[in-house]
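Here is the structure we will look at, set down as structure tokens.
Protein chains in written order, with the numbering used here: chain A, 296 to 481; chain B, 296 to 481.
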């Protein structure tokens with residue numbers, strides 16, 4: 296028996312994308328967004344409205360970073376979505392985060408967010424709020440790498456946004472290997 | 296100390312989007328995709344190349360459904376990404392899935408996938424592979440609803456795709472309430 300909810304913006308999983316930028320005066324800005332994801336190979340698209348400080352910064356610097364929010368800093372990552380950089384220009388410092396220059400683009404990474412997609416602006420459309428970026432580098436702190444040198448998701452500990460109950464979740468247990476689990480039906 | 300990986304299509308979390316369509320002869324088709332997500336209010340965008348049976352079906356019917364893949368059927372959901380509906384037209388039946396008509400659009404939902412976004416085609420661009428759909432209804436089996444009548448993510452049990460190690464994960468534990476956890480920094 297199916298229940299019907301009408302048009303809703305619900306999906307599982309939804310990401311918590313932390314968008315990092317530099318202001319014109321060098322102040323770091325960080326905000327969160329859930330409406331976005333990988334849109335093509337080495338490209339990410341995010342819905343972000345025109346009035347954000349982040350949007351102004353991206354259009355000026357042509358660059359931004361996207362870090363997955365992590366469980367260790369769920370309160371800070373939530374805070375960055377509650378207050379605007381237009382109203383609280385020092386919100387990064389207030390939450391105790393530390394900005395550093397990304398290696399490849401003119402945007403900050405944050406010591407507290409151990410993985411970042413370093414992106415160049417491809418396009419922004421204020422009508423649809425669609426920001427598209429080219430991923431030019433992925434950087435990750437050594438401490439979240441496994442013995443194979445790859446990012447270990449349990450060490451990164453990214454959070455997932457539940458758009459129905461507005462809760463953040465961790466990742467659980469591995470339940471299968473992609474491109475392999477389904478071989479039994481071939 | 297940051298390690299640098301160059302341009303990679305990595306993000307956490309990445310979804311496992313199960314795209315359901317009807318063929319011209321009424322055969323149900325189901326494939327998975329990880330490059331996509333919510334792109335605006337009540338809109339979803341997915342990167343899907345032109346050669347898929349699913350793309351042909353969508354362009355013909357102007358409709359599709361998107362169901363989050365679930366842990367109980369991880370092998371079947373993986374299988375739907377391994378084989379093409381062009382080569383194995385009865386792949387839905389082979390994996391033991393059961394298609395039913397969605398309430399609001401000309402596309403199937405599946406008994407084994409208890410939540411579905413029922414979508415109308417807005418646009419498809421074969422150059423960027425970008426499919427955009429309008430979410431006209433969300434349907435969910437009663438058995439995944441909590442006592443509050445909302446979708447309970449632990450009952451739905453959606454899976455997350457790890458694009459680095461190609462593993463599927465469940466959701467873990469709740470770690471905070473959005474628009475609330477961050478209030479302590481205000």
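Ideal placement from N, C-alpha and C gives every residue a C-beta, glycine not left out.
Cross-chain neighbours of residue i in chain B, by beta carbon under 7 Å
i	result
residue 457 of chain A	448
residue 479 of chain A	370
Other residues of its chain near residue i: CB distance less than 6 Å, five sequence neighbours each side excluded
i	result
residue 392 of chain A	405 and 407
residue 368 of chain B	407
residue 345 of chain B	421
residue 359 of chain A	314, 316, 353, 402 and 414
residue 381 of chain A	348
Host alpha helix (DSSP H) of residue i (start-end)
i	result
residue 338 of chain B	Segment 338–342 is the beta strand (DSSP E) holding residue 338 of chain B; no alpha helix (DSSP H) there.
residue 302 of chain B	Per DSSP, residue 302 of chain B belongs to no alpha helix (DSSP H) and is neither H nor E.
residue 354 of chain A	348–356
residue 370 of chain B	369–377
residue 435 of chain B	Where residue 435 of chain B is concerned, there is no enclosing alpha helix (DSSP H), although the beta strand (DSSP E) it sits in stretches over 425–436.
residue 394 of chain B	Here residue 394 of chain B belongs to no alpha helix (DSSP H); instead the beta strand (DSSP E) covers 394–396.
residue 387 of chain B	386–389
8 Å Cβ cut-off: residues of chain A touching residue i
i	result
residue 464 of chain B	448, 466, 467, 468, 469 and 470
residue 342 of chain B	333, 334 and 335
residue 346 of chain B	Result: empty, since nearest Cβ-Cβ is about 16 Å, beyond 8 Å.
residue 237 of chain B	With chain B covering only 296 through 481, there is no way to say anything about residue 237 of chain B.
residue 440 of chain B	298
residue 412 of chain B	305 and 306
Residues near residue i by beta carbon distance below 8 Å, same chain, minus five either side
i	result
residue 451 of chain B	363, 365, 409, 410, 435 and 439
residue 466 of chain B	448, 449, 452, 453 and 455
residue 441 of chain A	447 and 450
residue 357 of chain A	401, 415 and 416
Beta-carbon neighbours of residue i, restricted to chain B and to distances below 9 Å
i	result
residue 368 of chain A	None at all; the shortest Cβ gap to chain B is about 10 Å.
residue 461 of chain A	472, 473, 474 and 475
Beta strand (DSSP E) segment containing residue i, residue limits
i	result
residue 462 of chain A	462–472
residue 328 of chain A	323–328
residue 448 of chain A	Element bounds for residue 448 of chain A: not the beta strand (DSSP E) but the alpha helix (DSSP H), 448–451.
residue 316 of chain A	312–317
residue 408 of chain A	Segment: none, residue 408 of chain A is in no beta strand (DSSP E) and carries neither H nor E.
residue 333 of chain B	331–335
residue 457 of chain A	455–457
Close beta carbons around residue i, own chain, < 7 Å, minus the five adjacent residues each side
i	result
residue 337 of chain A	429 and 430
residue 458 of chain B	304, 305, 306, 309 and 329
residue 355 of chain A	319
residue 412 of chain B	339, 360, 361, 430 and 433
residue 376 of chain A	326 and 327
residue 372 of chain B	311, 313, 327 and 364
residue 384 of chain A	322
Chain B residues whose Cβ lies nearer than 8 Å to that of residue i
i	result
residue 328 of chain A	Under the 8 Å cutoff, chain B gives no residues; its nearest Cβ is about 10 Å from residue 328 of chain A.
residue 436 of chain A	296, 297 and 298
residue 387 of chain A	Those within 8 Å of residue 387 of chain A in chain B number zero; the least Cβ separation is about 11 Å.
residue 451 of chain A	307
Per-residue contacts from residue i into chain A (C-beta, under 9 Å)
i	result
residue 376 of chain B	473, 474 and 477
residue 309 of chain B	308, 310, 332 and 333
residue 390 of chain B	477 and 480
residue 314 of chain B	What residue 314 of chain B touches in chain A: nothing, since even the nearest Cβ is about 13 Å away.
residue 431 of chain B	301 and 302
Contacts of residue i in chain A (Cβ-Cβ under 7 Å)
i	result
residue 352 of chain B	By Cβ distance, chain A contributes nothing, its closest Cβ being about 20 Å from residue 352 of chain B, past 7 Å.
residue 454 of chain B	470
Meets three-Cβ-pair contact criterion under 8 Å: the segment 341–359 of chain A and the segment 421–429 of chain A:
yes
Closer than 8 Å is the cut-off here; do at least three beta carbon pairs connect the segment 298–312 of chain B with the segment 468–478 of chain B?
no
Take every Cβ of the segment 313–328 of chain B, pair it with every Cβ of the segment 317–337 of chain A, and state whether three or more of those distances are shorter than 8 Å.
Per the Cβ contact rule, the segment 313–328 of chain B is not in contact with the segment 317–337 of chain A (fewer than 3 Cβ pairs under 8 Å).
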